[in-house]
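> Let me begin by handing over the structure; questions about it come next.
Number of protein chains: 4
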Amino acid sequence: MAAESALGFPVIAVNEAQTKHLFDNRYGTGQSTLDGILRATNLLIAGRHVVVAGYGWVGKGIAARMAGHGALVAVVEVDPVRALEALMDGFTVMTVSQAAPWGDLFITATGNINVFRREHFALMRDGAVMANSGHFDAELDLPALREMAEGHVREVREHVLEYDLGGKRIHLIAEGRLVNLGAAEGHPAAVMDMSFANQALCAEYAANHHGDLENTVYDVPPAIDAEVARLKLAALGVALDPMTPEQEAYVRSWQHGT
Amino acid sequence: MAAESALGFPVIAVNEAQTKHLFDNRYGTGQSTLDGILRATNLLIAGRHVVVAGYGWVGKGIAARMAGHGALVAVVEVDPVRALEALMDGFTVMTVSQAAPWGDLFITATGNINVFRREHFALMRDGAVMANSGHFDAELDLPALREMAEGHVREVREHVLEYDLGGKRIHLIAEGRLVNLGAAEGHPAAVMDMSFANQALCAEYAANHHGDLENTVYDVPPAIDAEVARLKLAALGVALDPMTPEQEAYVRSWQHGT
Amino acid sequence: MAAESALGFPVIAVNEAQTKHLFDNRYGTGQSTLDGILRATNLLIAGRHVVVAGYGWVGKGIAARMAGHGALVAVVEVDPVRALEALMDGFTVMTVSQAAPWGDLFITATGNINVFRREHFALMRDGAVMANSGHFDAELDLPALREMAEGHVREVREHVLEYDLGGKRIHLIAEGRLVNLGAAEGHPAAVMDMSFANQALCAEYAANHHGDLENTVYDVPPAIDAEVARLKLAALGVALDPMTPEQEAYVRSWQHGT
Amino acid sequence: MAAESALGFPVIAVNEAQTKHLFDNRYGTGQSTLDGILRATNLLIAGRHVVVAGYGWVGKGIAARMAGHGALVAVVEVDPVRALEALMDGFTVMTVSQAAPWGDLFITATGNINVFRREHFALMRDGAVMANSGHFDAELDLPALREMAEGHVREVREHVLEYDLGGKRIHLIAEGRLVNLGAAEGHPAAVMDMSFANQALCAEYAANHHGDLENTVYDVPPAIDAEVARLKLAALGVALDPMTPEQEAYVRSWQHGT
Numbered sequence: 017m018a019a020e021s022a023l024g025f026p027v028i029a030v031n032e033a034q035t036k037h038l039f040d041n042r043y044g045t046g047q048s049t050l051d052g053i054l055r056a057t058n059l060l061i062a063g064r065h066v067v068v069a070g071y072g073w074v075g076k077g078i079a080a081r082m083a084g085h086g087a088l089v090a091v092v093e094v095d096p097v098r099a100l101e102a103l104m105d106g107f108t109v110m111t112v113s114q115a116a117p118w119g120d121l122f123i124t125a126t127g128n129i130n131v132f133r134r135e136h137f138a139l140m141r142d143g144a145v146m147a148n149s150g151h152f153d154a155e156l157d158l159p160a161l162r163e164m165a166e167g168h169v170r171e172v173r174e175h176v177l178e179y180d181l182g183g184k185r186i187h188l189i190a191e192g193r194l195v196n197l198g199a200a201e202g203h204p205a206a207v208m209d210m211s212f213a214n215q216a217l218c219a220e221y222a223a224n225h226h227g228d229l230e231n232t233v234y235d236v237p238p239a240i241d242a243e244v245a246r247l248k249l250a251a252l253g254v255a256l257d258p259m260t261p262e263q264e265a266y267v268r269s270w271q272h273g274t
Numbered sequence: 017m018a019a020e021s022a023l024g025f026p027v028i029a030v031n032e033a034q035t036k037h038l039f040d041n042r043y044g045t046g047q048s049t050l051d052g053i054l055r056a057t058n059l060l061i062a063g064r065h066v067v068v069a070g071y072g073w074v075g076k077g078i079a080a081r082m083a084g085h086g087a088l089v090a091v092v093e094v095d096p097v098r099a100l101e102a103l104m105d106g107f108t109v110m111t112v113s114q115a116a117p118w119g120d121l122f123i124t125a126t127g128n129i130n131v132f133r134r135e136h137f138a139l140m141r142d143g144a145v146m147a148n149s150g151h152f153d154a155e156l157d158l159p160a161l162r163e164m165a166e167g168h169v170r171e172v173r174e175h176v177l178e179y180d181l182g183g184k185r186i187h188l189i190a191e192g193r194l195v196n197l198g199a200a201e202g203h204p205a206a207v208m209d210m211s212f213a214n215q216a217l218c219a220e221y222a223a224n225h226h227g228d229l230e231n232t233v234y235d236v237p238p239a240i241d242a243e244v245a246r247l248k249l250a251a252l253g254v255a256l257d258p259m260t261p262e263q264e265a266y267v268r269s270w271q272h273g274t
Numbered sequence: 017m018a019a020e021s022a023l024g025f026p027v028i029a030v031n032e033a034q035t036k037h038l039f040d041n042r043y044g045t046g047q048s049t050l051d052g053i054l055r056a057t058n059l060l061i062a063g064r065h066v067v068v069a070g071y072g073w074v075g076k077g078i079a080a081r082m083a084g085h086g087a088l089v090a091v092v093e094v095d096p097v098r099a100l101e102a103l104m105d106g107f108t109v110m111t112v113s114q115a116a117p118w119g120d121l122f123i124t125a126t127g128n129i130n131v132f133r134r135e136h137f138a139l140m141r142d143g144a145v146m147a148n149s150g151h152f153d154a155e156l157d158l159p160a161l162r163e164m165a166e167g168h169v170r171e172v173r174e175h176v177l178e179y180d181l182g183g184k185r186i187h188l189i190a191e192g193r194l195v196n197l198g199a200a201e202g203h204p205a206a207v208m209d210m211s212f213a214n215q216a217l218c219a220e221y222a223a224n225h226h227g228d229l230e231n232t233v234y235d236v237p238p239a240i241d242a243e244v245a246r247l248k249l250a251a252l253g254v255a256l257d258p259m260t261p262e263q264e265a266y267v268r269s270w271q272h273g274t
Numbered sequence: 017m018a019a020e021s022a023l024g025f026p027v028i029a030v031n032e033a034q035t036k037h038l039f040d041n042r043y044g045t046g047q048s049t050l051d052g053i054l055r056a057t058n059l060l061i062a063g064r065h066v067v068v069a070g071y072g073w074v075g076k077g078i079a080a081r082m083a084g085h086g087a088l089v090a091v092v093e094v095d096p097v098r099a100l101e102a103l104m105d106g107f108t109v110m111t112v113s114q115a116a117p118w119g120d121l122f123i124t125a126t127g128n129i130n131v132f133r134r135e136h137f138a139l140m141r142d143g144a145v146m147a148n149s150g151h152f153d154a155e156l157d158l159p160a161l162r163e164m165a166e167g168h169v170r171e172v173r174e175h176v177l178e179y180d181l182g183g184k185r186i187h188l189i190a191e192g193r194l195v196n197l198g199a200a201e202g203h204p205a206a207v208m209d210m211s212f213a214n215q216a217l218c219a220e221y222a223a224n225h226h227g228d229l230e231n232t233v234y235d236v237p238p239a240i241d242a243e244v245a246r247l248k249l250a251a252l253g254v255a256l257d258p259m260t261p262e263q264e265a266y267v268r269s270w271q272h273g274t
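Protein chains in written order, with our numbering: chain A, 17 to 274; chain B, 17 to 274; chain C, 17 to 274; chain D, 17 to 274.
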């Protein structure tokens, strides 16, 4: 919208705050996605083939938690830098077509649409399970899935729909909506506190500086990010060293060094 | 009972089968304990101080899953070999008294009684959470806890009791009973299948061999253990190599070798 | 030898001591195998396809360390229980023929012979690297490898031989001998201390009890195992709780309990 | 220098390329730091208390590899966001003064100076080991260390100096210079290839666009970053999906979505 001059007021991109996306997206969604899937299915994750689509902060969090439960994790990505990062983090990188027949459990976290489509559903195993933890239920091509099932859809557990594609069954958790909200309780309070602190402090900042702000998108001021992290650590009883004056001077200077 | 000649019939120790304790106790209880704690509390595990009491197969499974969620894990053990194993697996080893003021979340898996007692409750932080995943609710000295709370006990979430010890609150999940059964659904089917297969095949074995068996405790016959694992792998589509005849001969002989 | 009454004196199986195989075999060999491979090759392990043959204590240690460096690990096993354990630890389980074209780096730890043979060398990629961390250089069929190279063998780095199989090169570290001894310094002192303590205390035990011992194989007395672990923990400054008298009584009794 | 208008020509910050710092700094330095320390000391890492100073990409890589070897890792940081990230990654966060008496092995990766100083050396244990993997040997206050040792310095292994502080010995690897270069072989070729590809493509870019560039610091053009990653993946045989035209349109638009 900023690029098209369609913004009617200044915006601070609170979702891009470090104390938001590094924590809420990664640790919050990572845990709560697994939580939602366990509540809905009670599947054993150890030894399971899990496909994570998208290796942004959310995908990184989900992949880490699945690996932390003993899953064999494959990552699907369109971005080569992220794909390489997934590989060097120890995950197999696959195309969607390679992943479809390999996976037991598919989780989308791309922010895009129709990641798994008709041709991929056709390749999946009997008993495959799909969940979405990205932005909303468009990450899976659900109209195609419904069409393929020709009405053979039934609820097999709370929050789990089984689509019978003629001898092969595909399970969908929480109707493809956000699985951590649909089948669990969303993020723990201990990570939402930071996201909300960011929003509150940025709202205060916008109120105090509105005269200086244009109708465009601003980053969260670094001082707010640091303050949120500092408050969180203090609440957890973790002490940090300040830099010494000598160190402060050193990092500001280019005249010393390698 | 065998030592005291108190057994009235032969017993096969199915719980000691490799395909039972290596899988059910470790991967099953590891996952379902975490599942129960998340359902009951929705606590963020990342960065949390988690104390695991007991480093047998159950404790190993719980410690691994907690670490896999980003917890800082401390292990309490009375057995020096297991304590050393916990240390070299990357966990801090503490005494109960050291762990009590350090922990945010305490999980017992010892098979013993009164692991956390009055003097430890007195050292715990406000907000500490306790759960049991060992054998039964005697792992925590609950009578002492009740006494210390002097009736100030209330349910703060489903399955979570808060004991108010005069300004300090301690939370108990599932009344100290097995947390994976009390607050979640117990083990996933994909690990119980092996435990039940063991029981069925051992029952068949006992029926077929009862004439040869005395009133004592037998190990699960290794062939049954191997068969259960082989069937499980086959069901998962995993192929194994047999040993070549040359390899079979080699492992049986002591005349080759180092 | 015991089975064939070929032992001329009593034997205590010190290699089977818990404070030996749980530590020396797993943490010692795990680390020193990786150390030897890095010294010999300076390969980046992250994102690399690593095949571990054998999932005993040595193989478990190697697989854990390789995964801890970001490798994608596949395990080859003949034993179904161990294969299933590898799978639920998050590793892909493959047959040797499946692993050969997939792997970048192959490490044997089976205690058996000819794990990788002519037909597997034929399937490997150009640039594949092989090392042995099992018992000795018979785990790889080196005569076949030499024959296939028809004399096209050269040292490309210290401890690394390149076998040119007509356009495809296979690299062998330390001539297939134990890679941690051949290309690094063997186990760290901090793990050998326990193995040596076991040997010394078992030698003392044999000297003190030789009148009572037959010409067969004995387990390490549990009290020695526990004492070695206790001494090690004390040296590291780690304190353990003793069981309370009440707990001692409880674990000895079958009249309480579930 | 840019801030002080002291640049005499345009600069492209190749070290800030994603395909540089995400890989070279993290996976390259992570592995090679451990490699250097093992070659210099042959210390067992499992169960060891390891202090990592700095949780930037280098520190993250080192902490991950140390944890992957079974170390108990503590992180020292001055930046609250990074400190919180370390905590939620499962590491203990300490001040330098808390870490000094706790650690067995200290590794600096801060880019700053005098992280460990006289007062911290005074708190360290007998046998403590220090190494630097940051920018250069000023991360440790070596003049103070030398003064405290009053000439009692000797080489105890290749690359390891022992400073005797009157009954307490502190060991320094590679004289406090970069430990992966001083005691090992620096980064593996498989990660330097990306850093060099970045430098080459950015030099070409600078040559082709010098007319348009001012004497300031530019980011690496994202297309170069993506191209380096794409080439690397192709060389590793990893295929990626392109976005579908529908997906391309979707991510560019703000009119769809939540």
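Quick reminder that beta carbons are idealized off the backbone N, C-alpha and C, glycines included.
If you're wondering where the values come from, they're calculated on a predicted model, not measured in any experiment.
(1) Quick check on the DSSP output: the alpha helix (DSSP H) that includes Y266 of chain B runs from which residue to which?
(2) Whole angstroms are fine: how far does the CA of H136 of chain D sit from the CA of A265 of chain A?
(3) Quick check: is the beta carbon of H37 of chain B nearer than 8 angstroms to any beta carbon in chain A?
(4) For the segment 91 to 108 of chain C, list every residue whose C-beta sits within 7 angstroms of some C-beta in chain A, in sequence order.
(5) Report the rounded CA-to-CA distance for D228 of chain D versus Y221 of chain D, giving the unit in angstroms.
(6) With C-beta atoms as the reference, is I186 of chain C less than 8 angstroms away from Y179 of chain C?
(7) Tell me which residue opens and which closes the beta strand (DSSP E) that M146 of chain A is part of.
(8) Taking G70 of chain C and T124 of chain C to be in contact with their CB atoms under 8 angstroms, please state how far apart those CB atoms are, rounded to whole angstroms.
(9) Would you verify that the beta carbon of G273 of chain A is, or is not, closer than 8 angstroms to some beta carbon of chain C?
(10) At the level of alpha carbons, what is the spacing between G273 of chain B and L194 of chain C?
(11) At the 8 angstroms Cβ level, is A62 of chain A part of the contact set with chain C, yes or no?
(12) Closest Cβ-Cβ distance between A33 of chain B and chain A: below 8 angstroms?
(13) Pick out the complete alpha helix (DSSP H) segments inside the segment 115 to 146 of chain C, 4 residues or longer, and give them in chain order.
(14) How about R246 of chain D: is its C-beta nearer than 8 angstroms to some C-beta of chain A?
(15) Could you give the distance in angstroms between the alpha-carbon of E174 of chain C and the alpha-carbon of V145 of chain C?
(16) Counting Cβ pairs, one atom from each stretch, are 3 or more of them under 8 angstroms apart for the segment 89 to 102 of chain C and the segment 230 to 248 of chain B?
(17) From the DSSP output, read off the bridge partner residues of Y179 of chain C.
(18) Could you check which residue in D:L103, D:S48, D:E262, D:G253 has the C-alpha nearest to that of G119 of chain C?
(19) Scan the segment 110 to 132 of chain A for residues whose Cβ lies nearer than 9 angstroms to a Cβ of chain C and list them as they occur along the chain.
(20) Going along the segment 186 to 208 of chain C in order, which residues come within less than 7 angstroms of chain A, judged by CB to CB distance?
(21) Which term fits H85 of chain A, buried or exposed, when burial requires 16 or more other beta carbons within 10 angstroms of its beta carbon?
(22) Taking N41 of chain C as the query, report the chain D residues whose CB atoms sit under 7 angstroms from its CB, ordered along the chain.
(23) Answer yes or no: does any C-beta atom of chain C fall closer than 8 angstroms to that of M259 of chain B?
(24) Give a yes or no on whether 8 angstroms exceeds the smallest Cβ distance from H85 of chain B to chain E.
(25) Assuming contact is defined by CB atoms lying nearer than 8 angstroms, are L60 of chain D and Q47 of chain C in contact in what I supplied?
(26) List the DSSP bridge partners of T108 of chain D.
(27) Report the three-state DSSP secondary structure of I53 of chain A (helix, strand or coil).
(28) Taking L156 of chain B and N148 of chain B to be in contact with their CB atoms under 8 angstroms, please state how far apart those CB atoms are, rounded to whole angstroms.
(29) Out of curiosity, what's the CA-to-CA distance linking R55 of chain A and L88 of chain B?
(30) Whose C-beta lies closer than 8 angstroms to the C-beta of H226 of chain A among residues of the same chain, with five residues either side of it excluded?
(31) Where DSSP assigns a beta bridge to I28 of chain C, which residues make up the other side?
(32) What would DSSP say about V66 of chain C, mapped onto helix, strand or coil?
(33) Quick one: what does DSSP say L194 of chain B is sitting in, helix, strand or coil?
Reading it off the structure:
(1) Taking the first residue of the second sequence as 1, we reach residue 266 of chain B at position 250. Its alpha helix (DSSP H) spans residues 261 to 268.
(2) Position 249 of the first sequence, counted from the first residue, corresponds to residue 265 of chain A. Position 120 of the fourth sequence, counted from the first residue, corresponds to residue 136 of chain D. For A265 of chain A and H136 of chain D, the distance between alpha carbons rounds to 21 angstroms.
(3) Here residue 37 of chain B corresponds to residue number 21 of the second sequence, with the count starting at 1. The C-beta of H37 of chain B comes no closer than 8 angstroms to any C-beta of chain A.
(4) Listed by position along the chain: L103, M104, D105, G106, T108.
(5) Locating residue 228 of chain D in the fourth sequence gives position 212, where the first residue counts as 1. Locating residue 221 of chain D in the fourth sequence gives position 205, where the first residue counts as 1. The straight-line gap from Cα to Cα measures roughly 11 angstroms.
(6) Indexing the third sequence from 1 puts residue 186 of chain C at position 170. Indexing the third sequence from 1 puts residue 179 of chain C at position 163. Against a cut-off of 8 angstroms, the Cβ pair of Y179 of chain C and I186 of chain C comes out as a contact.
(7) Residue numbering aside, residue 146 of chain A sits at position 130 when the first sequence is read from its first letter. For M146 of chain A, the enclosing beta strand (DSSP E) starts and ends at 144 to 148.
(8) If you number the third sequence from 1, residue 70 of chain C lands on position 54. If you number the third sequence from 1, residue 124 of chain C lands on position 108. Indeed they touch by this definition, with Cβ atoms about 7 angstroms apart.
(9) By 1-based counting over the first sequence, the position of residue 273 of chain A is 257. With a pLDDT of 47 at G273 of chain A, under the threshold of 50, the predicted position of this residue should be treated as unreliable, though the coordinate-derived value follows. Cβ-Cβ to chain C under 8 angstroms: no for G273 of chain A.
(10) As a position in the second sequence, residue 273 of chain B is number 257, starting the count at 1. As a position in the third sequence, residue 194 of chain C is number 178, starting the count at 1. Model confidence at G273 of chain B stands at a pLDDT of 47, short of 50, so the residue's coordinates are unreliable; what they give is reported in the following sentence. Spanning the two alpha carbons is a distance of roughly 14 angstroms.
(11) Within the first sequence, the letter at position 46 stands for residue 62 of chain A. It does; some Cβ of chain C falls within 8 angstroms.
(12) Taking the second sequence and counting its residues from 1, one reaches residue 33 of chain B at position 17. Output row for A33 of chain B: interface = no.
(13) Along the segment 115 to 146 of chain C, the alpha helix (DSSP H) occurs as fully enclosed runs of 4 or more residues at 134 to 137, listed in sequence order.
(14) In the fourth sequence, the residue the question calls residue 246 of chain D occupies position 230. Judged by the 8 angstroms Cβ criterion, R246 of chain D is in contact with chain A.
(15) Taking the first residue of the third sequence as 1, we reach residue 174 of chain C at position 158. Taking the first residue of the third sequence as 1, we reach residue 145 of chain C at position 129. So the alpha carbons of these two residues sit roughly 14 angstroms apart.
(16) Contact between the segment 89 to 102 of chain C and the segment 230 to 248 of chain B is present, with at least three C-beta pairs closer than 8 angstroms.
(17) One-based indexing of the third sequence puts residue 179 of chain C at position 163. Under the DSSP definition of a beta bridge, Y179 of chain C partners with C:V169, C:I186.
(18) Taking the third sequence and counting its residues from 1, one reaches residue 119 of chain C at position 103. Comparing alpha carbon positions, the residue from D:L103, D:S48, D:E262, D:G253 closest to G119 of chain C is D:G253.
(19) Hits within the stretch: zero.
(20) Interface annotation for the segment 186 to 208 of chain C against chain A: empty, criterion Cβ-Cβ distance under 7 angstroms.
(21) Sequence index remark: in the first sequence, residue 85 of chain A carries index 69 (1-based). Buried, by the Cβ-count rule.
(22) If you number the third sequence from 1, residue 41 of chain C lands on position 25. Per Cβ cutoff of 7 angstroms: no residues; N41 of chain C is ~12 angstroms from chain D at best.
(23) For the purposes of this step, residue 259 of chain B is identified with residue 243 of the second sequence, where counting begins at 1. Contacts with chain C at 8 angstroms (Cβ-Cβ) include M259 of chain B.
(24) Of the protein chains in the structure, A, B, C and D, none is chain E.
(25) As a first step, residue 60 of chain D must be located in the fourth sequence, where it is residue number 44. As a first step, residue 47 of chain C must be located in the third sequence, where it is residue number 31. The Cβ atoms of L60 of chain D and Q47 of chain C sit closer than 8 angstroms to each other.
(26) The sequence position of residue 108 of chain D within the fourth sequence is 92, counting from 1. According to DSSP, which records beta bridges pairwise, T108 of chain D is partnered with D:A90.
(27) Taking the first sequence and counting its residues from 1, the one referred to as residue 53 of chain A is at position 37. Correct three-state label for I53 of chain A: helix.
(28) By one-based count along the second sequence, residue 156 of chain B stands at place 140. By one-based count along the second sequence, residue 148 of chain B stands at place 132. In this structure L156 of chain B touches N148 of chain B by the C-beta definition: roughly 6 angstroms separates them, less than 8 angstroms.
(29) Taking the first sequence and counting its residues from 1, one reaches residue 55 of chain A at position 39. Taking the second sequence and counting its residues from 1, one reaches residue 88 of chain B at position 72. Looking at the backbone, the Cα of R55 of chain A and that of L88 of chain B are separated by about 24 angstroms.
(30) Here residue 226 of chain A is taken as the residue at index 210 of the first sequence, counted from 1. Contacts found: P26.
(31) On the third sequence, position 12 is the one that residue 28 of chain C refers to. Note: I28 of chain C is bridge-paired with C:Y234 in the DSSP secondary-structure output.
(32) Sequence index remark: in the third sequence, residue 66 of chain C carries index 50 (1-based). Secondary structure of V66 of chain C (DSSP, three-state): strand.
(33) Translated into positions along the second sequence, residue 194 of chain B becomes position 178. Three-state result, L194 of chain B: strand.
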